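What follows is a short report on a single structure.
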Amino acid sequence: MIYDYLQRGVLAGVVAGLAYGVYMAVVANPLSEYIHDSQQQHGHGHDHGHVHESSQTVSEATTAIVSAGSGVLWAIFLGGLFALALYLFEPALPGSDAVKSYILAGAGYLTVSVTPWLALPPAAPGAEQLYGIETRLAIYVGLVALGALVSAAAISGYTQIAPRHRALGVLAGAIPIVSIVIVVPLVSPSIVTHPDLPVALYSTYQALAALSQAAIWLLLAATFNGLRRRARPAAETDDSSDPLLASP
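Our numbering applies: residue 49 is where the sequence shown begins, and numbers increase by one.
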């Protein structure tokens with residue numbers, strides 16, 4: 049049973065990863081290069097040397113390949129994690145099987161991306177970091193744990209109250225999420241800053257990063273549900289062909 053979940057999760061991760069890789073190659077990498085080139089031109093002026101342009105072209109191609117490949121691996125990792133979490137926690141999630149997948153995907157997005165980004169937003173090229181990498185990693189892990197607790201509290205609050213009153217259940221589920229979105233930015237310092245970038249530019253960069261991660265989780269849930277629906281008719285056919293299970 050768990051193997052089926054993992055298989056679907058990994059396949060869903062491949063689908064989401066390929067889509068994310070295309071996004072990285074078509075949108076994210078060109079935007080990063082544009083930000084980087086703008087900063088270089090602002091700080092050092094224009095450089096039109098042939099050797100420089102050739103090395104830059106090779107560097108851009110390498111960066112595109114590496115970032116797209118890492119995006120695929122990241123989505124596959126999330127797909128396996130999603131499948132394991134769904135296998136373990138599916139009975140505690142509200143709604144139908146399909147709805148449970150989307151709820152878990154939303155919880156995963158809140159845990160892995162939204163909550164850490166409240167203090168550690170996506171850093172565009174040229175960002176200045178207040179702390180070193182080890183400190184930032186510790187903060188990220190702590191915020192992921194906090195996001196998991198908030199997700200569990202939101203789901204628990206909804207499942208306990210919704211059977212009696214659906215609207216109050218939604219409110220109970222929203223309170224932990226809204227609270228963390230308000231409180232964490234207020235109590236955390238500005239760990240990442242972009243002093244040399246226009247506000248609109250790095251806001252666009254961060255918004256695209258947030259939307260792309262949300263799309264990964266959405267594709268994971270949708271693809272997983274699609275694979276599960278395809279597996280069910282085959283399982284029902286196998287059961288009906290078994291003479292021990294067939295009707296007399």
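Beta carbons are placed, not taken as given, at the ideal position from N, Cα and C, and that holds for glycine. As the structure is a computational prediction, the values presented were derived from the model and not from experiment.
Around the Cβ of residue i, are there at least 16 other Cβ atoms within 10 angstroms (buried) or fewer (exposed)?
{"i": "Arg-56", "result": "buried"}
{"i": "Tyr-68", "result": "buried"}
{"i": "Ala-76", "result": "buried"}
{"i": "Tyr-250", "result": "buried"}
{"i": "Val-198", "result": "buried"}
On the premise that residue j lies in contact with residue i, defined as a C-beta separation below 8 Å, what is that separation, rounded to the nearest angstrom?
{"i": "Ala-133", "j": "Ile-239", "result": "28 Å between Cβ atoms; not a contact."}
{"i": "Ala-60", "j": "Thr-271", "result": "4 Å"}
{"i": "Pro-164", "j": "Val-192", "result": "6 Å"}
{"i": "Gln-87", "j": "Pro-170", "result": "Wrong, their Cβ atoms sit about 17 Å apart, outside the cutoff."}
{"i": "Ile-203", "j": "Leu-141", "result": "7 Å"}
{"i": "Leu-268", "j": "Ala-64", "result": "5 Å"}
{"i": "Ala-153", "j": "Leu-266", "result": "6 Å"}
{"i": "Tyr-157", "j": "Ala-262", "result": "6 Å"}
{"i": "Thr-110", "j": "Glu-176", "result": "With a Cβ gap of about 25 Å, Thr-110 and Glu-176 do not count as contacting."}
{"i": "Val-58", "j": "Gly-128", "result": "6 Å"}
{"i": "Leu-126", "j": "Ile-264", "result": "6 Å"}
{"i": "Ala-131", "j": "Leu-54", "result": "5 Å"}
In whole angstroms, give me the CA-to-CA distance for residue i and residue j.
{"i": "Ala-116", "j": "Ser-144", "result": "34 Å"}
{"i": "His-184", "j": "Arg-212", "result": "Correcting the residue type first, residue 184 is Arg in the shown sequence and not His. In a straight line, the C-alpha of Arg-184 is about 43 Å away from that of Arg-212."}
{"i": "Ala-201", "j": "Ile-225", "result": "9 Å"}
{"i": "Ala-155", "j": "Ala-196", "result": "7 Å"}
{"i": "Pro-78", "j": "Gly-205", "result": "43 Å"}
{"i": "Leu-66", "j": "Leu-259", "result": "16 Å"}
{"i": "Ile-151", "j": "Thr-207", "result": "12 Å"}
{"i": "Val-74", "j": "Glu-138", "result": "36 Å"}
{"i": "Met-72", "j": "Gly-217", "result": "38 Å"}
{"i": "Ala-297", "j": "Arg-278", "result": "What the structure shows of the chain is the stretch from 49 to 296, and residue 297 is not part of that stretch, so it cannot be assessed."}
{"i": "Ala-248", "j": "Leu-234", "result": "22 Å"}
{"i": "Val-147", "j": "Asn-273", "result": "9 Å"}
{"i": "Gly-190", "j": "Asp-52", "result": "31 Å"}
{"i": "His-94", "j": "Ile-83", "result": "Because His-94 sits at a pLDDT of 45, beneath the cut-off of 50, its placement in the model cannot be relied upon, and the point is left open."}
{"i": "Ala-112", "j": "Arg-214", "result": "47 Å"}
{"i": "His-92", "j": "Glu-81", "result": "Confidence at His-92 is low in this model, with a pLDDT of 49, below 50, so its placement is unreliable and the value that follows should be read with caution. Their backbone Cα atoms lie some 16 Å apart in a straight line."}
Could you give the first and the last residue of the continuous alpha helix (DSSP H) run that contains residue i?
{"i": "Ala-172", "result": "Counting along the chain, Ala-172 falls outside any alpha helix (DSSP H), and DSSP gives it neither H nor E."}
{"i": "Ile-239", "result": "Where Ile-239 is concerned, there is no enclosing alpha helix (DSSP H), given that its DSSP letter is neither H nor E."}
{"i": "Arg-184", "result": "181-209"}
{"i": "Gly-221", "result": "214-235"}
{"i": "Val-74", "result": "It is not in any alpha helix (DSSP H) - Val-74 carries neither H nor E in the DSSP assignment."}
{"i": "Ala-153", "result": "145-157"}
Specify the secondary structure class of residue i as computed by DSSP and reduced to three states.
{"i": "Asp-244", "result": "coil"}
{"i": "Leu-166", "result": "coil"}
{"i": "Pro-142", "result": "coil"}
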